[in-house]
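First residue of the sequence shown: 1, per UniProt numbering; consecutive thereafter.
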Amino acid sequence: MKKALITGITGQDGSYLAELLLEKGYKVYGLRRRTATPNFENIKHLENEIEFISGDLRDLTSLTEAVKATKPDEVYNLAAQSFVGDSWRQPIYTSEVTGLGVTNILEAIRLSKRDARFYQASSSEMFGKVVETPQKETTPFYPRSPYGVAKVYGHWITVNYRESYDMYACSGILFNHESPRRGIEFVTRKVTDAVTKIKLGLQDKLHLGNLDAKRDWGFAGDYVEAMWLMLQQEEPDDYVIATGETHTVKELVEIAFQHVGLNYQDYVVQDPQFVRPAEVDILLGDPSKAKHKLGWESKVSFEDLVKMMVDSDLAKNKGQ
Ligand code: NAP
Ligand code: GDD
């Protein structure tokens with residue numbers, strides 16, 4: 001039986017990846033940091049199938065112990081301070097977790113189980129102020145946030161460990177991916193939650209920042225399969241994972257409101273507090289390498305994704 005260690009198990013991607021690996025017959029270990037109150041919402045249904053290990057990406061001792069205790073065949077490093085907006089408010093913390101944390105987990109593997117295959121959750125946010133469109137594996141990085149800068153560090157240290165120690169280490173450059181399990185502060189979920197609360201008479205207005213930003217949005221359930229595929233190849237490599245389509249925040253808002261029979265113009269308020277100090281104006285990925293080499297393609301369309309999230313939030317906010 002193959003063994004996988006997932007950091008970030010309580011997050012959106014951790015929960016979908018755990019489902020996928022359990023379906024494939026893996027023994028799944030999840031690294032979980034201590035919290036005062038449980039934050040199990042995404043993995044409650046898997047609680048009895050995952051073995052949890054206590055640890056923090058900033059604490060090398062805990063990571064080394066986790067790798068020693070589990071002897072994993074595969075390690076998926078999904079843990080991060082992943083909210084771009086907060087990375088300006090907590091730049092040092094973000095660097096420590098999202099950047100240096102990658103070296104910690106790589107060191108834990110190098111010292112305790114060097115043949116474990118490693119996946120690093122890199123990000124399209126590294127392309128930032130894009131120098132070409134669409135963005136592909138060879139597009140130079142130009143990060144625009146402390147989060148983006150930390151991810152560039154995590155990306156290159158992964159490449160460096162592959163080249164220095166001959167480790168099987170891959171970096172997946174994933175474009176935005178969403179789901180009903182998305183954190184509430186990210187724009188898709190903020191919108192679908194608010195739309196349904198407005199529909200139910202529980203909220204009056206929706207305050208947003210830049211409506212013109214463009215993102216390449218896919219479904220998280222599709223994207224975790226690409227992570228697994230990357231670790232099943234003969235040689236480790238880096239891949240862009242994206243839909244190949246881009247949409248504005250305004251389009252997202254229009255579809256979400258329309259789906260419950262409302263007009264967004266009656267409810268959306270532009271609010272400077274949600275405008276970022278530096279913006280990533282457009283992300284559009286070219287997933288052709290992933291299609292050609294991994295046989296991977298995004299399946300859920302943008303419109304179906306938004307509707308899926310609205311339907312899920314409607315049920316949640318009705319208390320169902
Ligand atoms: P998420 O929902 O924010 O989950 C982040 C996970 O990291 C949570 O389980 C969190 O635990 C954990 N974590 C945070 N700080 C930690 C620390 N110091 N030590 C150990 N665990 C820690 O993120 P996601 O959307 O699933 O994304 C997964 C990864 O992919 C992240 O690295 C993200 O940056 C990257 N990524 C995401 C996207 C996207 O569109 N979703 C795109 C590209 C790359 P708690 O529950 O305890 O907070
Ligand atoms: N969160 C948020 N809240 N974003 C808003 C708002 C708002 O009220 N109004 C407009 N936006 C715009 C942001 O300025 C940004 O251009 C876009 O909506 C998407 O914001 P987020 O959903 O917060 O995601 P992100 O693109 O910054 O980052 C996500 O994707 C990255 C991959 O490109 C995160 O998942 C990162 O962890 C991930 O690496």
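For each residue, glycine too, the CB sits at the ideal point set by N, CA and C.
Bear in mind the structure is a predicted one, so any value in this text is a computation, not a measurement.
What are the residues that DSSP puts in a beta bridge with residue i?
{"i": "tyrosine 239", "result": "Gly172"}
{"i": "glutamine 135", "result": "Gly285"}
{"i": "lysine 318", "result": "Partner(s): none; lysine 318 has no beta bridge."}
{"i": "valine 28", "result": "Ala4"}
{"i": "glutamate 74", "result": "Ala4, Arg117"}
{"i": "phenylalanine 219", "result": "Glu178"}
Is residue i a contact residue of ligand 2, with contact defined as CB to any heavy atom under 7 angstroms?
{"i": "asparagine 42", "result": "no"}
{"i": "arginine 181", "result": "no"}
{"i": "leucine 283", "result": "yes"}
{"i": "glycine 208", "result": "In the sequence as displayed, the identity of residue 208 is leucine instead of glycine. Yes."}
{"i": "serine 298", "result": "no"}
{"i": "glycine 85", "result": "yes"}
{"i": "phenylalanine 186", "result": "yes"}
{"i": "threonine 190", "result": "It is lysine, not threonine, that sits at residue 190 in the sequence shown. Yes - ligand 2 has a heavy atom lying nearer than 7 angstroms to the Cβ of lysine 190."}
{"i": "serine 124", "result": "yes"}
{"i": "phenylalanine 274", "result": "yes"}
Quick check: is any heavy atom of ligand 1 less than 7 angstroms from the C-beta of residue i?
{"i": "threonine 7", "result": "yes"}
{"i": "arginine 33", "result": "yes"}
{"i": "leucine 78", "result": "yes"}
{"i": "threonine 64", "result": "no"}
{"i": "glycine 101", "result": "yes"}
{"i": "glycine 14", "result": "yes"}
{"i": "glycine 244", "result": "no"}
{"i": "leucine 139", "result": "Per the sequence shown, residue 139 should be read as threonine rather than leucine. Checking every heavy atom of ligand 1 against the Cβ of threonine 139, none is found closer than 7 angstroms."}
{"i": "arginine 58", "result": "yes"}
For a test of the three-state rule: what should DSSP assign to residue i, helix, strand or coil?
{"i": "phenylalanine 118", "result": "strand"}
{"i": "valine 268", "result": "strand"}
{"i": "serine 54", "result": "strand"}
{"i": "serine 123", "result": "strand"}
{"i": "isoleucine 157", "result": "helix"}
{"i": "glycine 295", "result": "coil"}
{"i": "leucine 211", "result": "coil"}
{"i": "threonine 248", "result": "strand"}
{"i": "leucine 206", "result": "strand"}
{"i": "residue 369", "result": "Since the displayed the chain opens at 1 and closes at 320, residue 369 lies outside it and no answer follows."}
{"i": "alanine 194", "result": "helix"}
{"i": "tyrosine 142", "result": "coil"}
{"i": "lysine 151", "result": "helix"}
{"i": "asparagine 42", "result": "helix"}
{"i": "proline 277", "result": "coil"}
{"i": "isoleucine 92", "result": "helix"}
{"i": "methionine 227", "result": "helix"}
Please confirm whether residue i and residue j have their CB atoms less than 8 angstroms apart.
{"i": "tryptophan 217", "j": "phenylalanine 302", "result": "yes"}
{"i": "valine 149", "j": "tyrosine 16", "result": "no"}
{"i": "valine 191", "j": "valine 131", "result": "no"}
{"i": "threonine 98", "j": "glutamine 120", "result": "no"}
{"i": "isoleucine 241", "j": "alanine 226", "result": "yes"}
{"i": "residue 361", "j": "glutamate 137", "result": "No answer is possible for residue 361: it lies beyond the span of the chain, which begins at 1 and ends at 320."}
{"i": "phenylalanine 186", "j": "leucine 283", "result": "no"}
{"i": "asparagine 104", "j": "leucine 31", "result": "no"}
{"i": "threonine 70", "j": "lysine 3", "result": "yes"}
{"i": "leucine 211", "j": "valine 249", "result": "yes"}
{"i": "alanine 208", "j": "aspartate 271", "result": "First, the residue type needs correcting, since residue 208 is leucine and not alanine in the sequence shown. Cβ atoms of leucine 208 and aspartate 271: closer than 8 angstroms."}
{"i": "lysine 307", "j": "histidine 247", "result": "no"}
{"i": "lysine 289", "j": "glutamate 297", "result": "no"}
{"i": "alanine 18", "j": "leucine 46", "result": "yes"}
{"i": "glutamate 74", "j": "leucine 231", "result": "yes"}
{"i": "tyrosine 239", "j": "isoleucine 173", "result": "yes"}
State buried or exposed for residue i, treating a residue as buried only when at least 16 other CB atoms are found within 10 Å of its CB.
{"i": "proline 140", "result": "exposed"}
{"i": "valine 310", "result": "buried"}
{"i": "aspartate 193", "result": "buried"}
{"i": "arginine 34", "result": "exposed"}
{"i": "leucine 202", "result": "exposed"}
{"i": "residue 348", "result": "Here the chain has residues from 1 to 320 only, and residue 348 is not among them."}
{"i": "isoleucine 198", "result": "buried"}
{"i": "aspartate 166", "result": "exposed"}
{"i": "alanine 213", "result": "buried"}
{"i": "aspartate 304", "result": "exposed"}
{"i": "aspartate 204", "result": "exposed"}
{"i": "alanine 36", "result": "exposed"}
{"i": "asparagine 176", "result": "buried"}
{"i": "alanine 278", "result": "exposed"}
{"i": "serine 54", "result": "exposed"}
{"i": "valine 84", "result": "buried"}
{"i": "valine 275", "result": "exposed"}
{"i": "glutamate 178", "result": "buried"}
{"i": "glutamine 135", "result": "buried"}
{"i": "glutamine 12", "result": "buried"}
{"i": "threonine 64", "result": "buried"}
{"i": "threonine 196", "result": "buried"}
Would you verify that the beta carbon of residue i is, or is not, closer than 8 angstroms to some beta carbon of chain B?
{"i": "proline 143", "result": "You won't find chain B in this structure, because it holds only one protein chain."}
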